[in-house]
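Residue 135, in numbering that gives the first Met the number 0, is where the sequence shown stops; the numbers in between run on with no holes.
Every residue gets a Cβ at the ideal spot worked out from N, C-alpha and C, and that includes glycine.
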Amino acid sequence: MKIHNKVIKISENIYEYDLHVCIGDYEWWLEYLRKHHGYVHRDQSSYGGETILMSNSDGSYVLSIWMPDMEFTSKDYGTLAHELLHAAFFVMKEIGIQIDADNAEPLNYYFGYLMTETVYRLGQLHRKPSKKARKK
Numbered sequence: 000m001k002i003h004n005k006v007i008k009i010s011e012n013i014y015e016y017d018l019h020v021c022i023g024d025y026e027w028w029l030e031y032l033r034k035h036h037g038y039v040h041r042d043q044s045s046y047g048g049e050t051i052l053m054s055n056s057d058g059s060y061v062l063s064i065w066m067p068d069m070e071f072t073s074k075d076y077g078t079l080a081h082e083l084l085h086a087a088f089f090v091m092k093e094i095g096i097q098i099d100a101d102n103a104e105p106l107n108y109y110f111g112y113l114m115t116e117t118v119y120r121l122g123q124l125h126r127k128p129s130k131k132a133r134k135k
């Protein structure tokens, strides 16, 4: 089973940033950004994944990650980790925490939290039978 054109939404109360992990077609993600956030993004579809930070009109922030269809390979998990690390860095920078060799724990814990939450939700999607399978 693969995941195609799905959004995993994580609302965290640590730093109050929402995370939307969008898995599927790049064009679908661009439309999602425009429709749900009014955000027009430059095309970087040659990337294997991408992470952006957007601010909403109410002052809240949303991190959006795009990655292609997920088939639960080690490469997919590597891409997910790579993009979640970008997301964690964006948040650390926005809240003013400088990350270096002597102060990496805030980043490490936050990245671990994002990874754990995302993988848990991916597992829920992976185990959910498709509509085709339910009809049989």
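- Beta-bridge annotation (DSSP): residue 84 is not paired with any residue.
- Per DSSP, reduced to three states, the secondary structure at residue 8 is strand.
- For the pair residue 20 and residue 64, the CB atoms are nearer than the 8 Å cut-off.
- Relative to the Cα of residue 79, the nearest Cα in the group 42, 48, 3 and 125 belongs to 48.
- Comparing alpha carbon positions, the residue from 82, 104 and 92 closest to residue 50 is 82.
- Residue 98 carries a coil assignment under DSSP once its states are collapsed to helix, strand and coil.
- Between residue 124 and residue 86, the C-beta gap is not smaller than 8 Å, which leaves the two residues out of contact.
- Per the coordinates, the alpha-carbon of residue 37 lies some 25 Å from the alpha-carbon of residue 91.
- Contact between residue 52 and residue 40 does not hold, since the beta-carbon distance rounds to 12 Å and is not under 8 Å.
- Nearest neighbour of residue 2 by Cα position, chosen from 76, 97 and 108, turns out to be 76.
- At a Cβ-Cβ threshold of 8 Å, residue 17 and residue 8 count as neighbours.
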